[in-house]
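**Q** I'd like to ask you about the structure that follows.
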Amino acid sequence: MARKDALSTYNAKRDFDRTREPKGKVAKTGGNSFVVQKHAATRLHWDFRLEMDGVLKSWAVTRGPSIDPADKRLAVRTEDHPLDYGTFEGLIPKGEYGGGTVMLWDRGTWEPIAGKSAADIEDGHLHFILHGERMKGEWLLVRMKGRPKEKRENWLLRKIDDKEAGSGDALVERALTSIVTGRSMAEIEADKAGEQSLAGAHGKGFAAKMAAAKDHTAKISDRRKTRATALPRFVKPQLATLVDAVPTGNDWLHEIKYDGYRALIAASGQKVTLFTRNGLDWTEKFAPLTGAIAALDLPPCLIDGEVVALDGNGNPDFSTLQQTLKRGHGQEDATRPLHLFAFDLLSLDGQDLKGLPTIERKERLEALLHQAESPIHVSDHVLGAGETLFRSLCEAGQEGIISKRADAPYRSSRTRSWVKVKCTRRQEFVLVGWTRSNARGRPFASLLLAQHEGQKLVYKGKVGTGFDSQAMDELDKAMARLATDTAPVDVPRAETRGVSWIKPKLVAEIAFAEFTADGRVRHGSFLGLRADKPAKTVKPEKPAPAPVPKSAIDISSRDRVIFPETGQTKGELADYYSRIAPLMLPFSANRPISLVRCPQGRAKKCFFQKHDSGAFGQEVRQMPIREKNGGSEDYIYVDSADGLLACVQMGTIEFHGWASRTDDVEKPDRMIFDLDPDEGLDFDKVKRAAKDIRDHLADIGLVSFAMLSGGKGVHVVVPLTPGHNWDTHKDFASRFAQALSAAEPDRFTATMSKAKRKGRIFIDWLRNQRGSTAILPYSARARPGAPVAIPIDWEELDRMKDAHPFSIDDPDTLLKRSKGLKGWGFAAQALPEI
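Numbering (my numbering), first residue to last: 19 to 852.
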């Protein structure tokens with residue numbers, strides 16, 4: 019039972035005539051809520067609160083909670099708060115205790131782990147489970163031993179290693195809005211629903227400085243369009259071609275071939291429709307899944323994936339899926355839930371993504387679903403090494419793999435840019451009849467199978483195994499309704515004895531060893547009926563030869579030394595781009611580019627080039643772009659690995675890209691702040707500057723990412739949903755940079771002048787104007803040692819001792835580390851209207 023004076027300290031610290039915080043009153047015991055409030059007071063911190071004994075026990079977590087079990091976050095015990103505080107979001111007036119902005123950052127329920135008690139807090143050790151919207155799974159609070167005469171009570175908050183654990187600071191870096199109102203810290207500070215201010219945790223005059231900066235437009239010329247809420251329409255899915263071997267090369271990515279039902283999910287907030295591959299609405303049939311998707315509150319999007327059920331070993335199992343669906347409308351039990359494995363993203367926020375490379379669509383899907391949890395999953399993939407994955411899946415009894423060209427667009431047809439390789443042979447067949455059984459309780463002995471070849475239905479033999487009693491009863495009832503006296507297919511007379519015919523409406527999936535010489539199924543086994551596939555679409559699948567890796571680009575003079583300091587050659591540079599293309603194309607494809615060409619090597623004459631007179635060949639594309647004088651010029655862009663290699667063949671070392679794409683060059687999709695330090699400035703200062711800029715951007719609701727430029731600086735990259743024009747883009751970047759330099763003139767300058775850069779970091783915002791370019795992720799640099807520009811997560815940036823740790827010699831290392839960077843550089847967000 020809580021003491022009546024448990025909130026006396028809380029009440030004594032507050033003037034309730036000035037603050038909107040609730041007055042302290044001890045509530046009845048018995049609840050188990052928890053809440054986390056992001057609090058921009060003297061220093062930004064996260065207030066972590068657990069309901070106990072009618073109050074909220076509270077800790078101030080200085081750096082915010084981390085899902086990395088290796089991180090022990092300092093949590094300073096503060097006064098108990100009333101339960102009503104768990105709904106408080108808003109402003110605490112300056113001069114009041116804790117004055118600043120408070121955001122409801124997370125909420126939910128908690129309980130001690132089995133065998134433990136809330137009373138353990140008195141012993142300085144609390145092991146508990148959180149069921150929040152952001153914080154989940156097991157956590158630990160441990161009280162530290164205090165120093166003599168130390169007044170404050172220090173604890174450590176740590177995540178236990180479980181399925182909810184992760185790495186880095188992704189939780190606090192990406193969760194930038196209120197869990198209740200959806201507002202950013204700036205919107206709460208402004209106390210308005212839709213307008214934002216830069217005033218926040220990093221200097222009270224910051225917003226005023228930004229508003230007063232030069233080139234400020236009094237009114238943004240093209241206000242952000244209201245997000246469309248209509249559900250995207252159904253799109254026919256892309257289908258894979260069966261091949262006899264796994265394609266090789268790094269231009270292929272490989273995924274598990276899930277043994278389930280293909281599904282396309284149209285979502286927009288709470289509205290969700292789930293389509294089969296043929297456009298049937300199965301939303302109700304998969305109700306628990308659609309409910310889980312609705313809970314994610316996604317922006318308008320169209321997702322491609324597979325619905326599966328898992329067996330007792332956690333493997334996709336088609337028969338388990340059949341049994342689950344037979345119970346009706348997706349009402350699965352706790353031991354056999356349905357799962358969605360999403361593997362493609364076809365549209366987002368009204369933007370058609372089908373023309374983007376596969377690898378970029380996957381990256382955007384990762385970013386969209388980064389907070390999803392079971393039963394919603396993003397299908398993993400590997401680049402290259404497909405044969406190893408295939409072998410391990412076959413050994414585990416799985417169906418096989420799907421291999422996809424990393425640089426290919428999405429096509430609503432069967433293509434060879436998606437191929438499938440199966441561990442065992444299995445196909446769909448139309449049921450055309452059945453034979454009687456003499457066994458008691460068995461309604462039939464075997465089923466007759468057929469497939470469409472051209473306009474004709476062709477007999478394919480019989481299958482008599484794989485049925486359990488439930489399957490036989492259901493097949494018996496289904497076939498009785500389709501009985502006919504006419505054979506729907508030509509069958510040899512010797513095989514028609516005792517056959518009862520049915521109309522060719524039912525589709526069954528059959529596993530078999532091979533086709534005999536006369537086209538009959540050998541050693542067939544029934545797997546289940548396919549309600550999602552019309553009988554008229556069932557055709558034989560004959561494995562085609564696997565695609566042979568080849569490039570249309572012949573690299574000449576491979577032995578020419580391009581980097582004289584370290585001896586790397588043109589051939590080695592080409593090999594690097596060939597290997598790294600799947601990672602590079604999401605950021606470089608379909609974007610106007612400028613090239614740094616050094617035909618005789620980096621130590622000799624190099625020059626920029628953005629136009630092509632035709633010398634680069636057909637793999638390097640061109641598009642007309644309007645110039646300032648009213649005319650137009652053809653600009654270069656690439657959309658494939660061969661396009662990159664064609665540029666290398668012509669002496670290109672560096673690739674620089676516009677901040678917009680070829681489908682709408684007038685609407686930027688990323689903002690870049692290039693931190694260019696004065697000569698001799700310590701790299702640690704550049705890293706700190708990048709993280710400070712990240713925090714300023716987070717205060718106004720913008721997620722940002724870090725990239726080592728391959729030189730001496732760091733790029734802070736802000737992905738954006740295209741919607742505003744170049745004037746707005748340039749104006750925002752300019753005012754942001756100038757506000758920072760005005761707030762901390764000893765650290766930053768927004769002026770290019772070398773004289774004004776002395777001892778400072780130049781925040782180069784000039785990359786954000788029409789026609790300007792910035793170095794692209796994974797591009798090599800024409801510098802000694804052949805360094806490369808690399809995406810990096812914020813935690814890894816802390817550990818970096820060198821501004822350019824990787825070179826063109828490291829493609830394998832970069833491919834391996836990319837697994838931890840999924841979703842880097844992608845976020846659905848727009849510029850705040852400041």
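From the three backbone atoms N, C-alpha and C, an ideal C-beta is built for every residue, glycine too.
With a cut-off of 8 Å, does the C-beta of GLY368 fall near any C-beta of chain D?
**A** The structure shown contains no chain D; it holds only a single protein chain.
**Q** The alpha helix (DSSP H) with HIS747 in it runs from where to where?
**A** 744 to 761
**Q** Can you give me the C-alpha to C-alpha distance between ALA248 and SER286, rounded to a whole angstrom?
**A** The alpha-carbon atoms of ALA248 and SER286 are separated by roughly 7 Å.
**Q** Starting from the N-terminal side, write out each stretch of the beta strand (DSSP E) that is 3 residues or longer and does not extend beyond the region 527 to 606.
**A** 543 to 547 and 579 to 581
**Q** Quick check on GLN488: buried or exposed, where buried means 16 or more other Cβ atoms within 10 Å of its Cβ?
**A** With fewer than 16 neighbouring CB atoms inside 10 Å of its own CB, GLN488 falls in the exposed class.
**Q** Output yes or no for whether 8 Å exceeds the beta carbon distance between ASP494 and PHE462.
**A** Against a cut-off of 8 Å, the Cβ pair of PHE462 and ASP494 comes out as a contact.
**Q** What's the C-alpha gap between ILE810 and ASP827?
**A** 18 Å
**Q** Please classify ALA424: does DSSP put it in a helix, a strand, or coil?
**A** In the structure shown, the three-state DSSP call for ALA424 is coil.
**Q** Express the C-alpha separation of VAL476 and GLN469 in angstroms, rounding to a whole number.
**A** Taken atom to atom, the span from the alpha-carbon of GLN469 to that of VAL476 is near 5 Å.
**Q** Helix, strand or coil, according to DSSP, for PRO40 in the structure here?
**A** coil
**Q** In terms of residue numbering, what span does the beta strand (DSSP E) encompassing PRO809 cover?
**A** 808 to 810
**Q** Based on DSSP bridge pairs, tell me the residues matched to ASN172.
**A** VAL94
**Q** Within a Cβ cutoff of 6 Å, which residues of the same chain sit near LEU839, ignoring the five residues on either side of it in sequence?
**A** PRO809
**Q** Can the beta-carbon of ILE12 be found less than 8 Å from the beta-carbon of VAL517?
**A** It is not possible to answer for residue 12, since the shown part of the chain is limited to 19 through 852.
**Q** Leaving aside the five residues before and after ALA845 along the sequence, list all residues of the same chain whose C-beta is less than 7 Å from its C-beta, in chain order.
**A** Hits under 7 Å: ALA385, VAL721 and PRO737.
**Q** Thinking C-alpha only, which one of ILE420, GLY728, GLY117 and LEU122 is nearest VAL54?
**A** LEU122
**Q** Might you give, ordered along the chain, the residues of its own chain that have their beta carbon closer than 6 Å to the beta carbon of SER397, omitting 5 neighbours on each side?
**A** GLU273, PHE359 and PHE361
**Q** Classify HIS733 as buried or exposed, calling it buried when 16 or more other Cβ atoms lie within 10 Å of its own Cβ.
**A** buried
**Q** Measure from the alpha carbon of VAL735 to the alpha carbon of each residue in ARG712, LEU387, ILE718 and ASN743, then state which is nearest.
**A** ARG712
**Q** Is ASP657 near ALA607, with beta carbons less than 8 Å apart?
**A** yes
**Q** Assuming contact is defined by CB atoms lying nearer than 8 Å, are ARG609 and THR680 in contact in what I supplied?
**A** Taking 8 Å as the Cβ cut-off, ARG609 and THR680 qualify as a contacting pair.
**Q** Give the DSSP-derived three-state secondary structure of ASP65 in the structure shown.
**A** strand
**Q** Taking a contact to mean a Cβ-Cβ separation below 8 Å, would you say ALA390 touches LEU314 in this structure?
**A** It is a contact, given that the beta carbons lie within the stated cut-off.
**Q** At which residues does the alpha helix (DSSP H) containing ALA285 begin and terminate?
**A** It is not in any alpha helix (DSSP H) - ALA285 instead sits in the beta strand (DSSP E) that spans 279 to 287.
**Q** Rounded to whole angstroms, what's the CA-CA distance from ASN296 to LYS554? Just pull it up for me.
**A** 12 Å
**Q** Mind pulling the alpha helix (DSSP H) runs of 4 or more residues that sit fully within the region 643 to 702?
**A** 659 to 667
**Q** So, are the CB atoms of VAL264 and GLY404 less than 8 Å apart?
**A** The Cβ atoms of VAL264 and GLY404 sit closer than 8 Å to each other.
**Q** Thinking C-beta only, is LEU316 closer than 8 Å to LEU356?
**A** no
**Q** Starting from the C-beta of LYS551, find all residues in its chain whose C-beta is less than 8 Å away, skip the five residues before and the five after it, and write them out in chain order.
**A** ARG295, ASN296, GLU446 and VAL525
**Q** For the pair the region 175 to 189 and the region 82 to 99, tell me if three or more CB-CB distances fall below 8 Å.
**A** yes
**Q** List the DSSP bridge partners of VAL704.
**A** Partner(s): none; VAL704 has no beta bridge.
**Q** For the alpha helix (DSSP H) that contains PRO829, what are its first and last residues?
**A** 829 to 835
**Q** Would ASN268 be called buried (16 or more neighbouring beta carbons within 10 Å of its own) or exposed?
**A** The residue is buried, with at least 16 neighbouring Cβ atoms inside 10 Å.
**Q** Could I get the ranges of all uninterrupted alpha helix (DSSP H) runs contained in the region 365 to 406, with 4 residues as the minimum, in chain order?
**A** 376 to 386
**Q** Where does PRO461 sit, in a helix, a strand or coil, going by DSSP?
**A** coil
**Q** When you compare only the Cα positions, how much space is there between LYS243 and HIS541?
**A** A caution first: LYS243 carries a pLDDT of 38, below 50, which makes its placement in the model unreliable, though a value can still be read off. Distance between the alpha carbons of LYS243 and HIS541: 60 Å.
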